[in-house]
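In numbering that gives the first Met the number 0, the protein residues as written are 0 to 443. Think of the CB as a built atom: it goes at the ideal place given N, C-alpha and C, for glycine as much as any other residue. Keep in mind it's a predicted model, so treat the numbers as computed, not measured. One structure is given below, encoded as structure tokens.
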Amino acid sequence: MDDYRRIADRIADDIAAGRLGPGQRLAPQRLFARRHGIAGSTAGRVYGELVRRGLVVGEVGRGTFVRAAAAGPTGRALTEEATRAPVNLELNYPSAPGQSELLAPALAPLLRPDVLAESLRPAAATGTAEARAATAALLAAPGWRPDPAQLLFTGNARQAVAAALASLVRPGGRVGVEELTYPLVKEIAARLGIVLVPLATDAHGLRPESLAAAHRSAPLSALYLQPVLHNPTSVTTPPERRQRIARAVTDLALPVVEDRVWSFLRPGDTPFAAGAPGLTHVVDGLSKRVAPGLAAGFLVVPPGRVESVAAAVRSGGWGAGRFALEAAVRWAGDGTVRRLAAAKRADTARRQDIVARELAGFTVRTDPHSCFVWWDLPAPWRADTFTAAAAARGIAVTPGPAFAVDPGRTPDAVRLGLASVSEAELTRALRTLAETARAGEAGV
Numbered sequence: 000m001d002d003y004r005r006i007a008d009r010i011a012d013d014i015a016a017g018r019l020g021p022g023q024r025l026a027p028q029r030l031f032a033r034r035h036g037i038a039g040s041t042a043g044r045v046y047g048e049l050v051r052r053g054l055v056v057g058e059v060g061r062g063t064f065v066r067a068a069a070a071g072p073t074g075r076a077l078t079e080e081a082t083r084a085p086v087n088l089e090l091n092y093p094s095a096p097g098q099s100e101l102l103a104p105a106l107a108p109l110l111r112p113d114v115l116a117e118s119l120r121p122a123a124a125t126g127t128a129e130a131r132a133a134t135a136a137l138l139a140a141p142g143w144r145p146d147p148a149q150l151l152f153t154g155n156a157r158q159a160v161a162a163a164l165a166s167l168v169r170p171g172g173r174v175g176v177e178e179l180t181y182p183l184v185k186e187i188a189a190r191l192g193i194v195l196v197p198l199a200t201d202a203h204g205l206r207p208e209s210l211a212a213a214h215r216s217a218p219l220s221a222l223y224l225q226p227v228l229h230n231p232t233s234v235t236t237p238p239e240r241r242q243r244i245a246r247a248v249t250d251l252a253l254p255v256v257e258d259r260v261w262s263f264l265r266p267g268d269t270p271f272a273a274g275a276p277g278l279t280h281v282v283d284g285l286s287k288r289v290a291p292g293l294a295a296g297f298l299v300v301p302p303g304r305v306e307s308v309a310a311a312v313r314s315g316g317w318g319a320g321r322f323a324l325e326a327a328v329r330w331a332g333d334g335t336v337r338r339l340a341a342a343k344r345a346d347t348a349r350r351q352d353i354v355a356r357e358l359a360g361f362t363v364r365t366d367p368h369s370c371f372v373w374w375d376l377p378a379p380w381r382a383d384t385f386t387a388a389a390a391a392r393g394i395a396v397t398p399g400p401a402f403a404v405d406p407g408r409t410p411d412a413v414r415l416g417l418a419s420v421s422e423a424e425l426t427r428a429l430r431t432l433a434e435t436a437r438a439g440e441a442g443v
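Written out as structure tokens, the structure is:
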């Protein structure tokens, strides 16, 4: 093992044992190098490794600080781990009243021995003709309807993102992303050896000129984009901005991975793919629409790309389970998925009312249709110290730096997931967090 990794392991052990606590500042790299008898460049690699593992955050002009909670092991699968905190506002899986009762009837026929035997066979990346037709109808949106022949299936939406990127970008290649992005995209990129390039955004989403500038600096291989209910800011890019981005990627002949996992909460939005159909790979899935325990990922690829992306699905081991596909076909066909989506939209509206009431007076960014909130914290709070304070009160939140592509950018903000707790728990948690934030402002 490289020396810098051994040193990083020792620091990680100190963090895990509590010898280095949340928010504690590490020594400046030059001093760290002197204390350990190593070169300054090696110290830089140690700190970079700790950042990569999610154990520390580097803040330009301020130093390097231990995160509020150690991240999960770096070798884990592309899944989010649950927290031990009693109230978890990190995970975000919407649930509708009576959801299990709605889902059960479609599963019952699959449990017949003759049907079950077929459902337990491996599924091809291309699924079945019935699955492709049902999914194409499910994903259709104003101004866009996918061709069933261009559909592929994975175990979940995150695996669909991984397969799309693996098919488009060689190790060492550069992928443009919004400057704040879904944390698991960062993990996917690290696993694939891809370099993420943060692109400037504003209140309307990605700024097209930042995309062009990044490509001029060094060619990009692809663009990953969340144009509807961007995670974590909840921004939905308006049509005029989408058209400008579509023109930019068309001029650059730049492939796009469009993540539409949250689009079911805003069903009237036309997909980005409608403006750049020959370049856009559309990702969606069932975990948010239905339930995380029986998931399937959907990937609509441009013409001529089915086989290359299917090969990436196979080589990555990201294929969908046949049982999940069979269930998805039934749920889509009998209207269960659409009924669940409608119920979850209503549930989200109620939770947004709670946010408006409990976080009134704070600077929050969200959307009436969104299941999450981006909270710009009041001074003197930093993201990690507030996350630690919340954890001490039994509430898990996600610190803003987890979403930052540039490790030197550490927004003093947290993301709050609204969907995975009851409305009563959410009310109590937001009230506690608001009280905590005000106490910090007052210096209590």
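If you follow the alpha helix (DSSP H) that L210 is part of, which residue opens it and which one closes it? Position 211 of the sequence shown holds residue 210. Segment 207-216, the alpha helix (DSSP H) holding L210.
With H, G and I counted as helix, E and B as strand and the rest as coil, what does DSSP make of V328? Here residue 328 refers to the residue found at position 329 when the sequence shown is read from its first residue. The answer is helix: DSSP assigns V328 an H, G or I state.
What residue does the alpha helix (DSSP H) around D12 start on, and which one ends it? Working through the sequence shown from its first residue, we reach residue 12 at position 13. According to the DSSP assignment, D12 belongs to the alpha helix (DSSP H) that extends over 2-16.
Secondary structure, beta strand (DSSP E): runs of 3+ residues fully inside the region 242-327: 255-258, 279-284, 296-299
Going by DSSP, name the residue or residues bridged to D201. Walking along the sequence shown from the start, residue 201 turns up at place 202. Under the DSSP definition of a beta bridge, D201 partners with G204.
Leaving out the 5 sequence neighbours to the left and right, which residues in its chain are closer than 8 Å to P147 when beta-carbon positions are compared? Translated into the one-based positions of the sequence shown, residue 147 becomes position 148. The residues are A128, R131, A132, T134, A135.
Is A403 near the ligand ZN, going by C-beta to nearest heavy atom under 8 Å? The ligand ZN is not among the ligands present in this structure, which contains no ligands whatsoever.
Quick one: grab the DSSP three-state call for I394. Within the sequence shown, the letter at position 395 stands for residue 394. Residue state, collapsed to three classes: strand.
Mapping the DSSP letters down to three states, classify T63 as helix, strand or coil. By 1-based counting over the sequence shown, the position of residue 63 is 64. The DSSP-derived three-state label of T63 is strand.
Under three-state DSSP, which class holds D375? To locate residue 375, count along the sequence shown from 1; it is residue 376. In this structure, D375 counts as strand in the three-state DSSP scheme.
Taking the CB atoms as reference points, tell me whether Q480 and Y181 lie closer together than 9 Å. This structure gives no information on residue 480, because the portion of the chain shown stretches from 0 to 443.
Three CB pairs or more closer than 8 Å across the region 298-308 and the region 139-158: Yes, since at least three Cβ pairs between the region 298-308 and the region 139-158 fall closer than 8 Å, the two stretches touch.
Applying the 10 Å Cβ sphere with the 16-neighbour rule, what's the burial state of R5? For the purposes of this step, residue 5 is identified with residue 6 of the sequence shown, where counting begins at 1. R5 comes out exposed.
Rounded C-alpha distance that separates R29 from A42: Sequence index remark: in the sequence shown, residue 29 carries index 30 (1-based). Sequence index remark: in the sequence shown, residue 42 carries index 43 (1-based). Taking the straight line from one Cα to the other gives about 8 Å.
Considering Cα atoms alone, identify which of D366, W261, V289, Q98 is closest to A327. Taking the sequence shown and counting its residues from 1, one reaches residue 327 at position 328. For the residues D366, W261, V289, Q98, the minimum Cα distance to A327 belongs to V289.
Looking at the structure shown, is Y181 part of a helix, part of a strand, or coil, going by DSSP? For the purposes of this step, residue 181 is taken as the residue at position 182 of the sequence shown. In the three-state reduction of the DSSP assignment, Y181 falls in the coil class.
Whole-angstrom C-beta distance between L324 and A122, which should lie under 8 Å: For the purposes of this step, residue 122 is identified with residue 123 of the sequence shown, where counting begins at 1. For the purposes of this step, residue 324 is identified with residue 325 of the sequence shown, where counting begins at 1. About 6 Å; that satisfies the 8 Å criterion.
Label P451 either buried or exposed according to how many other C-beta atoms from any shown protein chain fall within 10 Å of its C-beta, with 16 as the threshold for buried. Lying before the first or after the last residue shown, residue 451 is absent from the chain, which here runs from 0 to 443.
Pull up the distance between the alpha-carbon of A294 and that of G17, whole angstroms please. Residue mapping note: residue 294 aligns to position 295 of the sequence shown, counting from 1. Residue mapping note: residue 17 aligns to position 18 of the sequence shown, counting from 1. If I take the Cα positions, the gap works out to 36 Å.
Which of the three DSSP states, helix, strand or coil, is assigned to V50? Mapped onto the sequence shown, residue 50 falls at position 51. V50 falls in the helix class under three-state DSSP.
Using the rule of at least 16 other Cβ atoms within 10 Å of the residue's Cβ for burial, across every protein chain shown, is A378 buried or exposed? As a working note, residue 378 is residue 379 in the sequence shown. Exposed, because fewer than 16 other Cβ atoms sit within 10 Å of the Cβ of A378.
Work out the CA separation of G126 and G320 for me, nearest whole Å. Walking along the sequence shown from the start, residue 320 turns up at place 321. Walking along the sequence shown from the start, residue 126 turns up at place 127. Those two C-alpha atoms are separated by around 9 Å.
Among all the DSSP beta bridges, which residues are the ones paired with P121? Indexing the sequence shown from 1 puts residue 121 at position 122. The partner list for P121 (beta bridge, DSSP) reads G320.
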